[in-house]
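Everything on this sheet refers to the single structure shown next.
In the working numbering, the protein residues as written are 639 to 803.
This is how it looks when you write it as structure tokens:
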């Protein structure tokens with residue numbers, strides 16, 4: 639594969655990764671959908687989502703050394719430690735990682751550096767992690783699939799955790 643073909647393949651993989659990440663973020667922006675995901679997901683599923691989201695952020699930071707390392711807001715972490723629903727804590731932490739990743743990926747310098755210097759294998763791994771995170775969210779949010787149908791939130795979560803969302 640010559641340099642131009644590799645750049646084209648990298649840009650295609652990067653676009654797929656961005657689409658998947660934005661899909662997950664779009665779902666999680668809606669409070670009722672966050673509640674729906676947290677209420678129907680398993681601890682293992684949300685741990686996988688949080689780990690995928692953290693891996694994505696780590697890959698973004700490693701690919702562009704000029705970017706500053708993202709530190710989560712301590713007050714946000716303190717609030718999450720008070721949650722009595724560990725699934726919700728994992729969901730919110732993973733969402734935070736995705737938001738940090740998305741803001742860094744919006745930087746054109748990052749896009750140029752990643753697409754120009756990464757291997758196709760690295761970008762396939764990056765895309766796969768983004769898709770895993772999106773799938774972990776979308777499979778637990780049926781109301782997202784039924785865009786025309788809005789239903790009330792499932793209140794399997796305790797009231798104190800719902801208010802913290």
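The beta carbon of each residue, even a glycine, is placed where N, CA and C say it ideally should be. Bear in mind that the values here come from a model prediction, so they are computed numbers and not experimental data.
Item to check | As assigned by DSSP and simplified to three states, the class of residue 640 | outcome: Coil.
Next on the checklist: Whether or not the region 751 to 762 and the region 667 to 687 are in contact is what I'm after, with contact meaning three or more pairs of Cβ atoms, one per stretch, closer than 8 angstroms; do they touch?
Outcome noted: The region 667 to 687 and the region 751 to 762 do not touch, with fewer than 3 CB-CB distances between them shorter than 8 angstroms.
Checklist entry - Under the three-state reduction of DSSP, which class applies to residue 690: helix, strand or coil? => result The answer is helix: DSSP assigns residue 690 an H, G or I state.
Checklist entry - From residue 724 to residue 743, what does the alpha carbon distance come to, in whole angstroms? => result In a straight line, the C-alpha of residue 724 is about 28 angstroms away from that of residue 743.
Item to check | Contact test: residue 677 Cβ vs the ligand NAD heavy atom, cutoff 6 angstroms | outcome: For the structure depicted, the ligand NAD is absent and the ligand set is empty, with no information on it obtainable.
Next on the checklist: On the criterion of 16 or more Cβ atoms from any shown chain inside 10 Å, does residue 659 qualify as buried, or is it exposed?
Outcome noted: Residue 659 sits buried, since 16 or more C-beta atoms from the chains shown fall within 10 Å of its C-beta.
Checklist entry - Around the Cβ of residue 727, are there at least 16 other Cβ atoms within 10 angstroms (buried) or fewer (exposed)? => result Under this definition residue 727 is a buried residue.
Checklist entry - Do residue 648 and residue 761 have their CB atoms nearer than 7 angstroms? => result Yes; because the gap between Cβ atoms is below 7 angstroms, this pair is in contact.
Item to check | Close Cβ partners of residue 701 (< 6 angstroms) along its chain, the five nearest in sequence each way excluded | outcome: Answer for residue 701: 752, listed in chain order.
Checklist entry - So what does DSSP say about residue 668, is it helix, strand or coil? => result Three-state result, residue 668: coil.
Next on the checklist: Assuming residue 775 and residue 665 are in contact, meaning their beta carbons sit under 8 angstroms apart, how far apart are those beta carbons, in whole angstroms?
Outcome noted: For residue 775 against residue 665, the beta-carbon gap comes to about 5 angstroms, under 8 angstroms, which counts as contact.
Checklist entry - Helix, strand or coil: which one does DSSP assign to residue 768? => result The answer is helix: DSSP assigns residue 768 an H, G or I state.
Item to check | Residue range of the unbroken alpha helix (DSSP H) whose run includes residue 739 | outcome: It spans 724 to 743 - the alpha helix (DSSP H) in which residue 739 sits, taken as one unbroken run.
Item to check | Nearest residue (CA-CA) to residue 767, options 697, 645, 639, 673 | outcome: For residue 767, the nearest C-alpha among the options comes from 697.
Checklist entry - Any idea what DSSP makes of residue 679, helix, strand or coil? => result Judged by DSSP in its simplified three-state form, residue 679 adopts coil rather than helix or strand.
Checklist entry - Under 7 angstroms between the Cβ atoms of residue 749 and residue 675? => result For the pair residue 749 and residue 675, the CB atoms are not nearer than the 7 angstroms cut-off.
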